[in-house]
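The structure appears right after this line, and notes come after that.
There are 2 protein chains.
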Amino acid sequence: MDYRQTIVEEAAVMFRTYGIRAVTMDMLASHLGISKRTIYEVFRDKDELLQGVLKWMREKQSETMKKIFSESENVIEAIFKMLDMMGNHFQKMSPAFQMDMKRYHNEILRKPGDQVEFPYSSSNSEIIKRGIREGVFRKDIDVDITNKCMLEVAKMSNDKTVFPSDDYVSKDVVRTFYLNYLRGISTQKGLDLINLHDKKHK
Amino acid sequence: MDYRQTIVEEAAVMFRTYGIRAVTMDMLASHLGISKRTIYEVFRDKDELLQGVLKWMREKQSETMKKIFSESENVIEAIFKMLDMMGNHFQKMSPAFQMDMKRYHNEILRKPGDQVEFPYSSSNSEIIKRGIREGVFRKDIDVDITNKCMLEVAKMSNDKTVFPSDDYVSKDVVRTFYLNYLRGISTQKGLDLINLHDKKHK
DNA sequence: ACTTTGTAAACTAAAATAGTTTTCTCATTT
DNA sequence: AAATGAGAAAACTATTTTAGTTTACAAAGT
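Chains as they are written, first to last, in numbering that gives the first Met the number 0: chain G, 0 to 201; chain Y, 0 to 201.
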């Protein structure tokens, strides 16, 4: 039987609920009702498993994005839907997971070729380009830089070390932070759409 | 200077955000901007620190409860406010924290006298007694047993292993589960109040 | 100057956990 | 029915973490 997908999905849930380090291989195995050996049959080590999990998360997330993107009438609507989705994801994602991700990230050059990229909020420049085409974003913005910035804003908004959840509600931070940035790159038409959706969503 | 309270409060936040095991003493120290040594000056070991944290959580929680209790017109109103507060707390509380608490709990008889009690939802029989007095709860219920049961219902509602947050929204589970139990011990007057508040809260 | 209070960092000892190996069992195939 | 293979179960090792200690040192108060 091919356990690979089953393992990845369960590991994904456990990692993001409890954090990566908190989930031991024994724990994962017993949750799956299989033996630890079987996991190591499919994945060389925990690192490879993590890579598999992150890859799967990215793929799933990317699909959802595409769906939202294609089902929306305009970019602003798409972004609002996207923010909702992200809000959901981040609510399910334990701070421990984010902490562990940072730690893995900081272990510089663990193995060359290994990319430990943040699974969610992988915004892509397509959104920005479409926004410009639709006359919602200003024509004079640098697509590449803006794309990177929006990703950073999204990441930062959800960083518990920057906005401790005691003082802020994660969802609100994303909204205000991200939307304000959005306003900054919008045309008048874009601003109108933002205000419209913001009111409707509230 | 007396660091004790500062340490306890920071540890409390970190424990419930990242889980107990995920927070190392070094991490805690550097977060506080003090040396690890200083922590050990005040607390013999991590266990004693955890006890301190839990005690403080219980006290703070108990105070809030008393406040809610005294500021409410009737028991049902108090319980709805209480549920709101609990919802908040559980949202801030990482599943890792709950997992670690269970683990500590299972290490039977770690030290005689050590009580590792769950900090939140320490409902007390006062609420039930007041409910009976107000004619909201049936007179024939066993106060002690009901108290214990309500506590268990509250705990269970927030147990991620029972209700994985993928499938359920924690807040909704508490609401339906707890409220249904509540209905079971209520008189007609109680039922009316529950329906009233439930509608208003929605 | 000396004591206290705390920092910084190196250190040790103990615990936890990744990863391995062995043995056993059940099911499928030949 | 014997052989093969896939996986369970559990014991084991080796590595890594982390709790907790010790040491050397610095600033501040007396």
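Ideal placement from N, C-alpha and C gives every residue a C-beta, glycine not left out.
These numbers come from a predicted model, not from an experiment.
Whether residue i touches residue j by CB criterion (9 Å)
i	j	result
Leu195/Y	Ile75/Y	yes
Ile131/Y	Ile144/Y	no
Lys170/Y	Gln90/Y	yes
Phe136/G	Thr186/G	yes
Asn123/G	Asn87/G	no
Ile126/Y	Phe176/Y	no
Lys128/Y	Val142/Y	yes
Ile38/Y	Leu48/Y	yes
His200/Y	Asp83/Y	yes
Gly183/G	Gly134/G	no
Tyr103/Y	Val41/Y	no
Exposure label - residue i; buried when at least 16 CB within 10 Å
i	result
Pro163/G	exposed
Lys101/G	exposed
Asp25/G	exposed
Glu9/Y	buried
Arg109/G	Caution applies to Arg109/G, whose pLDDT of 48 falls short of 50 and renders its modelled position unreliable; the value that the coordinates give is listed next. With fewer than 16 other Cβ atoms within 10 Å, it is exposed.
Gln166/Y	Here residue 166/Y is Asp; the residue named in the question, Gln, does not match the sequence. With fewer than 16 other Cβ atoms within 10 Å, it is exposed.
Asp191/G	exposed
Gly32/G	exposed
Lys198/G	exposed
Ser34/G	exposed
Val161/Y	exposed
Arg36/Y	exposed
Glu72/G	exposed
Ile193/G	buried
Lys65/Y	exposed
Ile19/Y	buried
Identity of the residues DSSP links to residue i by a beta bridge
i	result
Phe136/G	Ser185/G
Inter-residue CB distance, residue i and residue j (contact presumed, cutoff 8 Å)
i	j	result
Ser156/G	Val172/G	5 Å
His30/Y	Met13/Y	7 Å
Gly51/Y	Val22/Y	Gly51/Y to Val22/Y, Cβ: 14 Å. No contact.
Tyr17/G	Met98/Y	6 Å
Ala277/Y	Ala95/G	The displayed coordinates of chain Y run from 0 to 201. Any statement about residue 277/Y would go beyond what the structure contains.
Arg15/G	Met92/G	5 Å
Residue i CB to nearest heavy atom of the ligand SAM below 8 Å
i	result
Ile184/G	Summarising the ligand content, the structure contains no ligands, and the ligand SAM is consequently not present.
* To do: Could you please tell me which residues of the region 84-103 of chain Y, in chain order, have their CB closer than 9 Å to any CB of chain G?
  => Flagged, chain order: Gln90, Lys91, Ser93, Pro94, Ala95, Met98, Asp99.
* **Contact set between the region 129-158 of chain Y and chain G, restricted to residues whose Cβ is under 8 Å from the partner** => Correct list: empty, as no residue qualifies.
* To do: Compile a chain-ordered list of the residues in the region 6-29 of chain G whose CB is closer than 7 Å to at least one CB of chain Y.
  => Val12, Thr16, Tyr17, Gly18, Arg20, Ala21
* Members of the region 160-176 of chain Y near chain G, C-beta cut-off 8 Å -> Flagged, chain order: Pro163, Ser164, Asp165.
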